[in-house]
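*Asks:*
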Amino acid sequence: MLRDITLGQYYQTDSILHRMDCRVKLVATLVYIISLFLVDNIWGFAVAAVFLAVCIRLSKVPFSFMVKGMKSIAFLMLFAVVFNLFLTPGKPVVAFWKLRITDAGIRMAVQMAVRLTLLIIGSSLMTLTTTPNHLTDGMESLLKPLKKLKVPVHEVAMMTSIALRFIPILMEETDKIMKAQIARGADFESGNLIQKARAMVPLLVPLFIAAFRRANDLAMAMEARCYRGGEGRTKMKPLVYRRNDYIAYGVLAFYLAAVLAVGRFMPI
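The opening position of the sequence shown corresponds to residue 12 in our numbering, with each subsequent residue numbered one higher.
1. What does the alpha-carbon distance come out to for the pair ALA232 and ARG176?
2. When the Cβ atoms of the region 258–266 are set against those of the region 35–48, are three or more pairs found closer than 8 Å?
3. Throw me the rounded Cβ distance for the LEU136 and LEU47 pair, which I believe falls under 8 Å.
4. Between which residues of its own chain and THR99 is the CB-CB distance below 7 Å, once the five residues before and five after are set aside?
5. May I ask you to list the residues that DSSP assigns as paired with ILE132?
6. Can you give the Cα-Cα distance for ILE67 and VAL270, rounded to whole angstroms?
7. Taking LEU28 and GLY149 to be in contact with their CB atoms under 8 Å, please state how far apart those CB atoms are, rounded to whole angstroms.
8. For GLU64, which of LYS187, VAL78, MET182 has the nearest alpha-carbon?
9. Please report the straight-line C-alpha distance between ASN144 and ARG111, rounded to a whole angstrom.
10. Please list, in chain order, all residues of the same chain as MET123 whose beta carbon is under 7 Å from its beta carbon, the five residues on each side excluded.
11. CB-CB under 8 Å to MET211, same chain, minus the five flanking residues each way: which ones, in chain order?
12. Taking a contact to mean a Cβ-Cβ separation below 7 Å, would you say LEU229 touches THR185 in this structure?
13. Buried or exposed for GLY55, please, with buried defined as at least 16 other CB atoms from any protein chain shown within 10 angstroms of its CB.
14. Considering only the alpha carbon of each residue, which of GLN20, PRO163, MET170, ARG30 lies closest to ARG253?
15. Report, in whole angstroms, the separation of the C-beta atoms of LEU139 and TYR238, which I expect to be a contact under 8 Å.
16. Measuring only the C-alpha atoms, how far is LYS74 from ALA59?
17. Please list the terminal residues of the continuous beta strand (DSSP E) segment that includes ARG275.
18. Exposed or buried, MET169, counting other C-beta atoms within 10 Å across all chains shown (16 or more means buried)?
19. Is the beta carbon of LEU215 closer than 7 Å to that of VAL42?
20. Enumerate in chain order the residues of its own chain whose CB-to-CB distance from SER172 is below 8 Å, with the five nearest sequence positions on each side excluded.
21. Pick helix, strand or coil for LEU154, following the three-state DSSP scheme.
22. Buried or exposed for ARG126, going by 16 or more other Cβ atoms inside 10 Å?
23. Less than 8 Å between C-beta atoms, sequence neighbours within five positions excluded: which residues of the same chain meet that for PRO213?
24. Under three-state DSSP, which class holds GLU166?
25. Measure the Cβ-Cβ separation of VAL164 and LEU157 and say whether it is below 7 Å.
26. Just the Cα atoms here: how many angstroms apart are ASP25 and ASN255?
27. Go ahead and label MET12 buried or exposed: buried means 16 or more other beta carbons lie within 10 angstroms of its beta carbon, across all protein chains shown.
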C-alpha cells in the first residue's frame with residue numbers, strides 16, 4: 012500500500028502538460044482545488060471531473076497509476092464520509108440506537124467523497140508532470156512579490172519541493188522496514204486499535220532515524236556544492252511563457268467561469 016502513494020512522484024513521459032510552464036500548473040492546481048470547494052451540486056462536480064479527465068488524457072500518465080494512489084487515503088476518505096453521514100442534521104432517513112442518517116448527511120458524504128477524490132488526483136497530476144527542480148523554480152517565481160516583505164521565498168520553495176520529493180522516498184523506506192520486521196516476527200495486522208498503534212512504535216523509531224540521516228546527507232551535499240540560498244543564483248533554464256501557456260491560462264479561466272456559472276444557475 013505504501014508504494015501506491017503517487018503524491019510527490021514524477022512520471023517521465025512527453026506530453027503537453029509535461030512541457031507546460033510549471034507556473035501554469037501550480038496556478039491551475041490551486042484554482043482547481045478552490046473550485047472544488049465552490050461547487051456543491053452534481054453539475055459542478057461533473058464539470059470538474061470532465062476538466063480533470065481531459066488533463067489526465069493530455070498528460071499521458073496512465074489513469075490506473077493515479078487511481079492506485081487513492082488506496083493510501085482510503086481511511087481518511089472513509090472517516091470523512093462517516094463523519095458527514097452521521098453528524099449532519101436534517102430529515103432522518105435511517106435511524107438506529109442513537110445514530111441517524113439524514114438526507115443532508117447522505118448528500119454531504121457523497122460530496123465529500125467526490126471532492127477528496129478529485130482533489131487528490133488533481134494534486135497528484137501536478138507532481139506527476141513537474142520535476143522537483145521546476146516545481147521549486149515555479150513556486151519561487153510566483154512567490155517573488157513576497158520578497159519585499161522579507162520572506163525567504165527561495166528557501167520556502169526549496170523546502171516545499173524537498174518535502175514533496177521525500178514523500179515517496181520515506182514511503183519506500185517504511186515499506187522496507189516493515190518487511191524486515193515482519194521477517195523477524197513482527198505483527199502489524201492482528202489485535203485491536205491500541206495494540207496496532209503499539210506495534211507501530213518499533214517502526215517509527217528506525218523511520219525517524221532514517222529520515223534524519225537522509226536530511227543530514229542532503230544538507231552535507233548542499234554545503235559541499237556551496238549552496239548559500241537564493242541570492243545571486245542563476246538558472247540554467249529560465250522560465251519563459253510560451254503560446255501554449257497563455258492558451259492554458261485562457262482555458263483555466265473558462266473552466267472557472269463554467270464552474271461558477273453551473274453552481275449559480277444549476278443548484279440541483
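Glycine included, each C-beta is placed from N, C-alpha and C at the ideal position.
*Replies:* For this structure:
1. Here residue 232 refers to the residue found at position 221 of the sequence shown. Here residue 176 refers to the residue found at position 165 of the sequence shown. If I take the Cα positions, the gap works out to 16 Å.
2. yes
3. Position 125 of the sequence shown holds residue 136. Position 36 of the sequence shown holds residue 47. Not quite, the Cβ-Cβ distance comes to about 13 Å (not below 8 Å), so this is no contact.
4. Counting from one through the sequence shown, the residue named residue 99 turns up at place 88. Same-chain partners within the cutoff: THR113, ALA115, GLY116, MET119.
5. Counting from one through the sequence shown, the residue named residue 132 turns up at place 121. Beta-bridge pairing links ILE132 to no other residue.
6. Translated into the one-based positions of the sequence shown, residue 67 becomes position 56. Translated into the one-based positions of the sequence shown, residue 270 becomes position 259. Cα to Cα, the separation comes out at about 19 Å.
7. Position 17 of the sequence shown holds residue 28. Position 138 of the sequence shown holds residue 149. The Cβ separation is near 13 Å, so there is no contact.
8. Position 53 of the sequence shown holds residue 64. At residue 64 the sequence reads Ala, which differs from the Glu that was named. Checked all of LYS187, VAL78, MET182; the closest Cα to ALA64 is VAL78.
9. Position 133 of the sequence shown, counting from 1, holds the residue named residue 144. Position 100 of the sequence shown, counting from 1, holds the residue named residue 111. CA-CA distance, ASN144 to ARG111, rounds to 50 Å.
10. What you label residue 123 is simply residue 112 of the sequence shown in a count that begins at 1. Excluding positions up to five away in sequence, the list reads ALA91, VAL92, ASN95.
11. In the sequence shown, the residue the question calls residue 211 occupies position 200. PHE199, listed in sequence order.
12. Residue mapping note: residue 229 aligns to position 218 of the sequence shown, counting from 1. Residue mapping note: residue 185 aligns to position 174 of the sequence shown, counting from 1. The answer is no: Cβ separation not under 7 Å.
13. Taking the first residue of the sequence shown as 1, we reach residue 55 at position 44. Buried is the call here.
14. By 1-based counting over the sequence shown, the position of residue 253 is 242. Among GLN20, PRO163, MET170, ARG30, the Cα nearest to that of ARG253 is on ARG30.
15. As a first step, residue 139 is located in the sequence shown; it is residue number 128 there, counting from the start. As a first step, residue 238 is located in the sequence shown; it is residue number 227 there, counting from the start. So it is not a contact: roughly 27 Å between Cβ atoms.
16. Taking the first residue of the sequence shown as 1, we reach residue 74 at position 63. Taking the first residue of the sequence shown as 1, we reach residue 59 at position 48. Here residue 74 turns out to be Phe, not Lys, going by the sequence shown. Roughly 16 Å separates the two Cα atoms.
17. Reading the sequence shown from its first residue, position 264 is the one you call residue 275. Unbroken run through ARG275 is the alpha helix (DSSP H), 254–276; no beta strand (DSSP E).
18. To locate residue 169, count along the sequence shown from 1; it is residue 158. Counting the other Cβ atoms within 10 Å of the Cβ of MET169 gives 16 or more, which makes it buried.
19. Stepping through the sequence shown from its first residue, residue 42 is reached at position 31. Stepping through the sequence shown from its first residue, residue 215 is reached at position 204. Contact flag unset, no.
20. For the purposes of this step, residue 172 is taken as the residue at position 161 of the sequence shown. Here the set comprises PRO143, ASN144, LEU146, THR147, MET150.
21. One-based indexing of the sequence shown puts residue 154 at position 143. If DSSP states are grouped into helix, strand and coil, LEU154 belongs with coil.
22. Locating residue 126 in the sequence shown gives position 115, counting from the first residue. Looking at its Cβ environment, which holds 16 or more other Cβ atoms inside 10 Å, ARG126 is buried.
23. Along the sequence shown, read from residue 1 onward, the residue named residue 213 stands at position 202. Within the same chain, PRO213 has close Cβ partners GLN192, ALA197.
24. Within the sequence shown, residue 166 is the residue found at index 155, counting from 1. Helix.
25. As a position in the sequence shown, residue 164 is number 153, starting the count at 1. As a position in the sequence shown, residue 157 is number 146, starting the count at 1. Yes.
26. Position 14 of the sequence shown, counting from 1, holds the residue named residue 25. Position 244 of the sequence shown, counting from 1, holds the residue named residue 255. Cα to Cα, ASP25 sits roughly 15 Å from ASN255.
27. Reading the sequence shown from its first residue, position 1 is the one you call residue 12. Unreliable placement is indicated for MET12, whose pLDDT of 49 sits below 50; the coordinate value is still reported in the next sentence. MET12 comes out exposed.
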